[in-house]
Amino acid sequence: MAQDLSVGIDIGSYQTKVVAVEATDNRSLPPIRGTGFAESDGLRQGHVIDSTAVTNRAAAAIQQAGESAGQPLSAVNAAISGASLVGRHSAGSITFDSDQHQITERDIKQVVSVAQEALADEFSKNHTVLHTFPLAFKVDGSTTMGRPVGLKGGRLAVRVFFIGSLSQHIYDLVAAIEDAGVTVDNVVAGPLAASEVTVNDAQKRAGCVLADIGAETVSLIVFDDNQPVSLNVFSIGSTDITNDIALGLKVSLEKAEQIKCGGVTGESGSEDQLADIIDARLTDIFELIADHLEKINRKQLLPAGIVIAGGGSSLASVENIARTTLDLPTETAHIKLPKTKIIHELENPAWSVSYGTATHGLRNQPSGLLSSVRSSGSTVLSWLQQFLP
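Residue numbers (this note's numbering): 12 to 400.
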């Protein structure tokens with residue numbers, strides 16, 4: 012008998028990963044039922060440049076995960092990452108006819124909608140909002156604790172953090188995945204998905220930053236008071252380290268990648284030079300993160316520090332460089348796994364996005380609208396409006 016599964020797919024620049032978890036009603040970590048992997052092709056910094064290549068690799072990883080789970084997979088939740096992923100703050104307010112108006116959930120939805128409409132034109136006309144996080148409410152000028160449903164007042168204001176991505180990039184990714192023979196139920200921001208299985212509630216409450224070092228980008232999401240407050244993506248990644256090694260040691264890209272990953276060693280006497288090359292690029296990465304934290308007034312002010320995920324987190328000196336550059340508590344991500352049927356590859360932080368996307372899918376209803384887009388001939392933007400809260 013087929014199980015009810017939630018499936019997450021993470022298509023990166025170099026690797027495509029799929030994780031299938033069993034749907035459960037409780038809040039504990041769901042049992043892992045299958046995984047799939049394929050070398051990626053056709054994606055650059057998060058956007059599709061060869062849809063056929065993306066489709067073929069996605070199909071291979073999905074089929075492998077289905078075989079691992081013991082049943083074919085028909086629907087997935089897709090992670091989107093890359094340089095077009097952005098976070099934006101906005102605010103909105105509404106007034107009522109009476110200062111004794113009792114605030115309802117409908118009022119909250121309305122004021123959040125006002126905040127979304129206030130987003131700058133350069134964001135709203137080309138981007139689609141994927142996630143909405145009300146950070147603070149005020150009733151008649153006074154900040155409330157939590158959601159203000161049931162309180163009375165004449166004016167309701169809200170400050171909201173939105174996460175979105177370029178509409179065309181979302182559409183292209185979904186279309187390529189659905190051409191592999193599955194339906195895309197949800198689209199989730201990769202850094203948010205990774206945080207679900209690498210950062211605990213205590214860290215989010217105290218304040219922390221999760222940095223995912225991928226092949227071509229570094230994605231970071233900052234939490235404070237248990238809410239995401241900033242998201243940014245830098246166009247730099249572990250592939251830059253590979254290129255630096257190739258240039259510095261005068262070796263091929265293939266050998267440079269093997270040296271970086273520890274599969275082979277460099278020439279005799281080159282160990283110190285190799286360490287200098289890797290450390291220099293890692294310093295560049297963490298200086299970018301430090302500059303961002305200073306920009307949002309969180310520099311050296313995150314008690315839970317930085318958690319480092321992604322393939323680049325496996326580099327030997329990454330924790331030391333991060334700790335020295337940021338002057339923050341530092342740790343490499345450890346994926347939270349269920350106690351039963353641990354699949355060892357998921358202990359690698361590079362799987363955090365695909366696994367987190369699968370668990371995210373358990374708490375979000377499918378849109379039920381994605382598969383009809385291409386057949387209906389709807390425009391990209393009219394379809395993407397259906398993602399909006």
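Glycine is no exception: its CB is placed at the ideal position from the N, C-alpha and C atoms.
Just so it is clear, the structure is predicted and the values come from calculations on it, not from any experiment.
Cα-Cα separation, residue i to residue j
| i | j | result |
| --- | --- | --- |
| Gly157 | Lys149 | 10 angstroms |
| Ser206 | Glu358 | 15 angstroms |
| Thr253 | Ile232 | 25 angstroms |
| Phe173 | Gln238 | 11 angstroms |
| Gly323 | Asp223 | 8 angstroms |
| Val208 | Gly316 | 17 angstroms |
| Leu392 | Thr155 | At Leu392 the pLDDT is 44, less than 50, meaning the model places this residue with poor confidence and gives no usable figure here. |
| Thr3 | Ile91 | The displayed coordinates of the chain run from 12 to 400. Any statement about residue 3 would go beyond what the structure contains. |
| Val87 | Glu268 | 31 angstroms |
| Glu50 | Tyr25 | 6 angstroms |
| Pro326 | Val364 | Checking the sequence, you will find Leu at residue 326 rather than Pro. Roughly 19 angstroms between the two C-alpha positions. |
| Phe134 | Arg309 | 24 angstroms |
| Ile256 | Asn67 | 31 angstroms |
| Gln311 | Ala191 | 45 angstroms |
| Gln74 | Ala301 | 41 angstroms |
| Ala69 | Asp108 | 54 angstroms |
| Leu203 | Gly152 | 31 angstroms |
| Leu130 | Gly98 | 11 angstroms |
| Ser17 | Pro83 | 12 angstroms |
| Thr7 | Leu162 | This structure gives no information on residue 7, because the portion of the chain shown stretches from 12 to 400. |
| Val65 | Glu298 | 33 angstroms |
| Asp183 | Ser85 | 19 angstroms |
| Phe144 | Ile270 | 42 angstroms |
| Gly379 | Asn137 | Only weak support is given to the placement of Gly379: the predicted model assigns it a pLDDT of 42, under 50, and the question is left unresolved by the model. |
| Gln14 | Ser263 | 46 angstroms |
| Pro41 | Lys215 | 21 angstroms |
| Ala76 | Asp36 | 22 angstroms |
| Leu339 | Leu304 | 11 angstroms |
| Ser230 | Gly93 | 8 angstroms |
| Glu282 | Gly273 | 11 angstroms |
| Leu373 | Val59 | 26 angstroms |
| Val160 | Val123 | 14 angstroms |
| Arg334 | Ile22 | 29 angstroms |
| Ala102 | Val125 | 8 angstroms |
| Glu265 | Ile43 | 33 angstroms |
Nearest candidate by alpha-carbon position, reference residue i, set the options
| i | options | result |
| --- | --- | --- |
| Asp235 | Leu221, Gly225, Gly248 and Thr228 | Leu221 |
| Gln127 | Ile247, Gln14, Val59 and His100 | His100 |
| His371 | Ser230, Asp196 and Gln75 | Asp196 |
| Ser39 | Pro349, Pro360 and Asn243 | Pro349 |
| Ser178 | Gly273, Arg117, Thr139 and Leu258 | Thr139 |
| Ile369 | Val30, Gln56, Thr115 and Val193 | The amino acid occupying residue 369 in the given sequence is Ala; Ile does not appear at that position. Nearest option by C-alpha distance: Val30. |
| Gly175 | Leu312, Gly201 and Glu356 | Gly201 |
| Asp110 | Asn67, Arg166, Glu78 and Val123 | Arg166 |
| Ile346 | Lys136, Pro159, Glu356 and Leu339 | Glu356 |
| Leu146 | Ile181, Ser124, Asp61 and Arg170 | Arg170 |
| Ile296 | Arg55, Val244, Leu313 and Pro340 | Val244 |
| Thr46 | Ser62, Gly57 and Ser79 | Ser79 |
| Ile20 | Gly103, Asp36 and Thr194 | Thr194 |
| Ala71 | Arg374, Lys306 and Ala187 | Ala187 |
| Ala168 | Ile105, Lys215, Gln56 and Val160 | Ile105 |
| Ala89 | Lys215, Leu242 and Ile181 | Ile181 |
| Cys219 | Glu265, Lys266 and Leu337 | Leu337 |
| His306 | Asp61, Val240, Gln121 and Val125 | Looking at the sequence provided, one finds Lys at residue 306 rather than His. The option with the nearest alpha carbon to Lys306 is Val240. |
| Gln56 | Ser95, Val32, Arg334 and Phe48 | Ser95 |
| Val32 | Gly23, Gly81 and Gln284 | Gly81 |
| Asn375 | Asp52, Pro314 and Ala34 | Ala34 |
| Pro314 | Asp61, Thr341 and Arg292 | Thr341 |
One or two residues paired with residue i in a DSSP bridge
| i | result |
| --- | --- |
| Asp21 | Lys28 and Ala90 |
| Ile319 | Ala222 and Thr343 |
| Ala129 | In the DSSP output, where bridge partners are listed per residue, Ala129 has none listed. |
| Phe173 | Arg99 and Thr143 |
| Arg166 | Thr106 |
| Lys149 | Thr154 and Ala168 |
| Gln113 | Lys163 |
| Ile43 | Val32 |
| Ala200 | Ile91 |
| Lys195 | Looking at the sequence provided, one finds Val at residue 195 rather than Lys. Beta-bridge pairing links Val195 to Val87. |
| His303 | In DSSP, His303 forms no bridge with anything. |
| Leu16 | Glu33 |
| His138 | Leu177 |
Residue i at chain D interface by Cβ criterion, 8 angstroms
| i | result |
| --- | --- |
| Phe172 | Absent from the structure: chain D. Only one protein chain is present. |
Expected contact under 8 angstroms - CB spacing of residue i and residue j to nearest Å
| i | j | result |
| --- | --- | --- |
| Ile319 | Thr343 | 5 angstroms |
| Gly164 | Ile119 | The Cβ separation is near 13 angstroms, so there is no contact. |
| Ile288 | Gly321 | That pair is no contact at about 19 angstroms. |
| Thr250 | Ala226 | 5 angstroms |
| Leu242 | Val199 | Incorrect: roughly 12 angstroms between the Cβ atoms, too far for contact. |
| Ile332 | Asp290 | 6 angstroms |
| Ala286 | Ser328 | 7 angstroms |
Legend entry - Residue ranges of each beta strand (DSSP E) within the region 204 to 290, 3 or longer: 219 to 224, 229 to 235 and 238 to 245
Inset, instruction - Kindly provide the ranges of any alpha helix (DSSP H) runs that are 4 or more residues long and lie completely inside the region 47 to 111, ordered along the chain. - result: Listed in chain order, the alpha helix (DSSP H) runs fully inside the region 47 to 111 are 62 to 80, counting runs of at least 4 residues.
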